[in-house]
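Below is one structure, written out as structure tokens; the observations come after it.
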Amino acid sequence: MSAVNTWNSTQHFWLIILGFCVAFVPRFLPLMLFTKRAIPEWFNEWMKFVPVSLFTALVVKDVFIDSASYALILNHFSEMLAAVVVVIIAYRTRSMALSVITGLVAVFLLSMFIA
52 MSAVNTWNST QHFWLIILGF CVAFVPRFLP LMLFTKRAIP EWFNEWMKFV
102 PVSLFTALVV KDVFIDSASY ALILNHFSEM LAAVVVVIIA YRTRSMALSV
152 ITGLVAVFLL SMFIA
């Protein structure tokens, strides 16, 4: 099956403008909204959990769920051990960058020694 691009320059231009708007508006509106008013303390407390929950969702999906069949898998031992190491490092340092780097190095080293 051959895909042929039949769009003209005007359509490409509007696609780029639309893509810009879709990417820009969700970033610009909260910035304008929260610069003119005080952010409630409960919102700041709630936002502290967003990076942890996103990080957890990404790690759990990649370590415990097979992306092809969406089945639970428990045989990725190197990734599981690396996840434990990352949890300890993240808890002690509270640094996302250090946690990610530690996780990458741990997966690399553990996958070399654990088949």
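The letter at position 1 of the sequence shown is residue 52 when you use my numbering, and the numbering goes up by one with no holes. Virtual Cβ for every residue (Gly too), placed ideally from N, Cα, C. All values derive from a computational prediction rather than experimental measurement.
Legend entry - Nearest-angstrom Cα separation, counted from residue 113 out to residue 121: Here the alpha carbons of residue 113 and residue 121 stand approximately 11 Å from one another.
Inset, instruction - State yes or no: is the C-beta of residue 116 within less than 8 Å of the C-beta of residue 123? - result: Result yes, Cβ atoms of residue 116 and residue 123 sit closer than 8 Å.
Legend entry - Nearest-angstrom Cβ-Cβ length linking residue 158 and residue 129, presumed shorter than 8 Å: Sure, about 6 Å apart at Cβ, within 8 Å.
Legend entry - Runs of alpha helix (DSSP H) lying entirely within the region 62-97, each at least 4 residues, in chain order: Within the region 62-97, no complete alpha helix (DSSP H) run reaches 4 residues.
Legend entry - Cβ pair residue 155, residue 132 closer than 8 Å: Between residue 155 and residue 132, the gap from beta carbon to beta carbon reaches 8 Å or more.
Inset, instruction - Please check the pair residue 138 and residue 153, which I expect to be a contact at CB under 8 Å, by giving their CB distance rounded to whole angstroms. - result: Contact between residue 138 and residue 153 is ruled out by a C-beta separation of about 10 Å, above the 8 Å threshold.
Legend entry - Separation of residue 63 from residue 99, as counted between CA atoms: When rounded, the distance between both Cα atoms is 40 Å.
Inset, instruction - Starting from the Cα of residue 146, find the closest Cα among 103, 77, 126 and 127 and give me that residue. - result: It is 103 whose Cα lies nearest to the Cα of residue 146.
Inset, instruction - Could you tell me which residues DSSP puts in a beta bridge with residue 123? - result: DSSP output for residue 123 lists 116 as bridge partner(s).
Inset, instruction - Could you pull the start and end residues of the alpha helix (DSSP H) that residue 153 belongs to? - result: For residue 153, the enclosing alpha helix (DSSP H) begins and ends at 147-164.
Inset, instruction - Name the two residues that bound the continuous alpha helix (DSSP H) containing residue 128. - result: Following the DSSP letters along the chain, one finds residue 128 inside the alpha helix (DSSP H) bounded by residues 128-144.
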